[in-house]
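Trainee: Under our numbering, the first residue of the sequence shown carries the number 55, and numbering increases by one thereafter.
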Amino acid sequence: MSDYAIGDVQGCFEPLLRLLDHIHFDDKRDRLWFVGDLINRGPQSLEVLRFVRALPVQPRITLGNHDLHLLGKLFGQSQKTNPDDTLQAILEADDAEELGHWLRRQSILYHEPSLNIVMCHAGIAPVWDLAEAKACAAELERALAGEAYQDFLQHMYGNEPSGWSPDLSGHDRLRVITNYFTRMRYCDREGRLLSGYKGSLADAARDHFPWYAVPGRKAIDADIVFGHWAALQGHSPSPHIHAIDTGCLWGGQLTALRLQDRQRFSVPGLSHL
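1) For a test of the three-state rule: what should DSSP assign to Tyr234, helix, strand or coil?
2) Determine the DSSP secondary structure at Leu313, reduced to helix, strand or coil.
3) Using alpha carbons as the reference points, say which of Ala143, Val321, Asp81 and Met173 lies closest to Gly281.
4) Taking just the CA atoms, how far does Phe88 sit from Gly217?
5) Over the uninterrupted alpha helix (DSSP H) stretch that includes Leu125, give me the two end residues.
6) Which residues share a DSSP beta bridge with Cys302?
7) What are the start and end residues of the alpha helix (DSSP H) that includes Leu103?
8) Keeping to the same chain, check which residues put their C-beta closer than 7 Å to that of Val102; ignore five residues upstream and five downstream.
9) Report back the beta-carbon spacing between Gly301 and Ala284 to the nearest angstrom; my notes put them in contact at under 8 Å.
10) Can you tell me the Cα-Cα spacing of Val321 and Ala310, whole angstroms?
11) Provide the residue(s) that pair with Glu166 in DSSP beta bridges, ordered along the chain.
12) Within 10 angstroms of its Cβ, does Tyr266 collect 16 or more other Cβ (buried), or is it exposed?
13) CA-CA distance, Ala143 and Arg95?
14) Would Ala191 and Leu163 be called neighbours here (beta carbons separated by less than 7 Å)?
15) Use the C-beta contact count for His289: other C-beta atoms within 10 angstroms, 16 or more gives buried, fewer gives exposed.
16) Nearest to Pro269 by CA position, among Ala276, Arg260 and Asp275, is which residue?
17) Let me know the secondary structure DSSP gives Arg85 once reduced to three states.
18) Could you give the first and the last residue of the continuous beta strand (DSSP E) run that contains Tyr58?
19) Skipping 5 residues on each side, what residues in its chain have a beta carbon closer than 7 Å to that of Tyr251?
20) Assuming Val111 contacts Asp81 under a Cβ cut-off of 8 Å, what Cβ separation, rounded to an integer in Å, is found between them?
21) Decide yes or no for the touch test of the segment 240-249 against the segment 217-227: beta carbon pairs closer than 8 Å, at least 3 of them.
22) Check the C-beta distance from Glu57 over to Arg85 and give it rounded, since I have them as a contact under 8 Å.
23) In the DSSP assignment, what are the bridge partners of Ala297?
24) How close, in whole Å, do the beta carbons of Val106 and Pro113 come, if the pair is a contact with beta carbons under 8 Å?
25) I need the DSSP call for Pro28, collapsed to helix, strand or coil.
26) From Val181 to Asp148, what distance separates their C-alpha atoms?
27) Would you kindly report the start and end of the unbroken alpha helix (DSSP H) that includes Gly154?
28) Quick one: Cα of Asn233 to Cα of Ala179, how far?
29) For Ser320, which beta-bridge partners are listed by DSSP?
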């Protein structure tokens, strides 16, 4: 049995099937881990969701911002739209709500001590150690899976507050946890989110730090696997931080990381975009 963490699929079903063929995936023995953003922007989001849900060996899934966006549209009466969204097939599907309820019960962070791996979509806030990150993720997971999930989904959008405080409560607390886990790229020196800039590392202002390079970042006693940031092209400054969003949607690659030995496997992504 092998465990494979796969970067942002974003509705790219055909590259996903090619990647699984490339790694000789055995669906009766091997386990897939998905780092989030299973859906949106690519052409076959509905097919991806149905495929992943039907896997014989239960996958490990951490939710990304696009996954939460779908939940907001399904259950939170969200009017937030983007002309590049490709969610309509899911929203119109007979099993849309069934898929949505399955999706909202997935993880925000998954930690496997036996593999010394922690996975989440965008990374771990530099102000949290692993225990704090797991506790914050559990709060968000309870909000999504609990009876008041629609209330949370109606209030999750927004960039404020931009920084963590243990004194935060209510919607503000859940919103900043959500943003750290699903939208984070750059932070300031104090670990506050800088959501306005999404450009390259080379062009970033001096006071913009990648989350994993914030001075004084709290140590995480496990390898971190994350996606969300295609512009990194799979590169990170540490052998213990694994960036696996390699831009499948944008003509890059779809990447799998075998967790037992940290070996990478990739196939070409969508070439027509």
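Where a beta carbon is used, it is the ideal one built from N, C-alpha and C, also for glycine.
Mentor: Well, looking at it:
1) helix
2) coil
3) Met173
4) Their Cα atoms are separated by approximately 27 Å.
5) Here the alpha helix (DSSP H) through Leu125 covers Asn119 to Phe129.
6) The partner list for Cys302 (beta bridge, DSSP) is empty, contrary to what the question assumes.
7) Segment Ser99 to Arg107, the alpha helix (DSSP H) holding Leu103.
8) Annotation for Val102: Val63, Gly65, Phe67, Leu70, Leu92 and Ile93 place their beta carbon closer than 7 Å to its own, counting only its chain and skipping 5 residues before and after.
9) 4 Å
10) Between Val321 and Ala310, the C-alpha separation is close to 9 Å.
11) Ile171
12) buried
13) Distance between the alpha carbons of Ala143 and Arg95: 12 Å.
14) yes
15) The residue in question, His289, is exposed, as its Cβ has fewer than 16 Cβ neighbours within 10 Å.
16) When C-alpha distances from Pro269 are compared across Ala276, Arg260 and Asp275, the shortest belongs to Arg260.
17) strand
18) Asp57 to Ile60
19) Tyr240, Ala258 and His262
20) 7 Å
21) Verdict: yes, contact present.
22) Per the sequence shown, the amino acid found at residue 57 is Asp instead of Glu. About 5 Å; that satisfies the 8 Å criterion.
23) The secondary-structure analysis by DSSP pairs Ala297 across a beta bridge with Phe280.
24) 6 Å
25) It is not possible to answer for residue 28, since the shown part of the chain is limited to 55 through 327.
26) 42 Å
27) Segment Ala150 to Arg158, the alpha helix (DSSP H) holding Gly154.
28) 10 Å
29) Thr309
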